[in-house]
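In this note's numbering, the protein residues as written are 4 to 175.
Cβ atoms here follow ideal geometry from the backbone N, Cα and C, with glycine treated the same way.
Just so we're clear, the structure is a prediction, and the values are computed from it rather than from any experiment.
Below you'll find the structure, written out as structure tokens, and then a few comments.
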Ligand code: IMP
Ligand code: MG
């Protein structure tokens, strides 16, 4: 049986998200801000982040597939669900659960730039900088973590564990 070890407890996640929410309020005094969550992992982070800022937020989702059921990226990125709205002229924050190799986000930033938003920033709950293969500029980072496979708070292993309140290391 795989073992779960708490890496970041729920209370710490909420405190950090409140800080990022306050930072977003300083960065976008007027709003609205389009928060685009990358399905499925980022939906829980987006739900909390959107409520942690007083700025008017509009919520959108985009689907990307790059991992399959394994623990490392296949290196192939595919758009599985596109946006329902145009982002042209809008302030956009892409909301991601974790930046690992950077392959997903560097692809997505390219896609989003073509859609001419007024501004484009990236928020990620977790960052594993050691694993980077493609450079990505991340504007809001919840926590930098070591190179370990984590689950919970939206993150999965083969679709399990997304509903854990804490971020946990999955030990084989
Ligand atoms: P990247 O393209 O390698 O940066 O991968 C980003 C995606 O890989 C994230 O959106 C996650 O879905 C997945 N991922 C990367 N590391 C982990 C992890 O430790 N646990 C669960 N999913 C992960
Ligand atoms: Mg993901």
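Helix, strand or coil for residue i, going by three-state DSSP, please let me know.
i, result
"residue 56", "coil"
"residue 69", "coil"
"residue 111", "helix"
"residue 90", "coil"
"residue 103", "coil"
"residue 116", "helix"
"residue 61", "strand"
Are there any heavy atoms of ligand 1 lying less than 7 Å away from the beta-carbon of residue i, as far as the coordinates show?
i, result
"residue 158", "yes"
"residue 52", "no"
"residue 63", "no"
"residue 44", "yes"
"residue 11", "no"
"residue 99", "yes"
"residue 92", "no"
"residue 83", "no"
"residue 141", "no"
"residue 105", "yes"
"residue 68", "no"
First and last residue of the alpha helix (DSSP H) that includes residue i?
i, result
"residue 9", "Looking at the DSSP string, residue 9 is not in any alpha helix (DSSP H); the run it does join, the beta strand (DSSP E), is 6-11."
Specify, as a first and last residue, the run of the beta strand (DSSP E) that residue i falls within.
i, result
"residue 129", "122-130"
"residue 42", "36-42"
"residue 84", "81-84"
Is the beta carbon of residue i sitting closer than 8 Å to the one on residue j?
i, j, result
"residue 170", "residue 155", "yes"
"residue 95", "residue 64", "no"
"residue 2", "residue 127", "With the chain running from 4 to 175 in the structure shown, residue 2 is simply not present."
"residue 123", "residue 141", "no"
"residue 35", "residue 61", "yes"
"residue 109", "residue 134", "no"
"residue 98", "residue 39", "yes"
Whole runs of the beta strand (DSSP E) within the region 140-175, excluding any shorter than 3 residues: Runs of the beta strand (DSSP E) inside the region 140-175: 143-147, 170-174.
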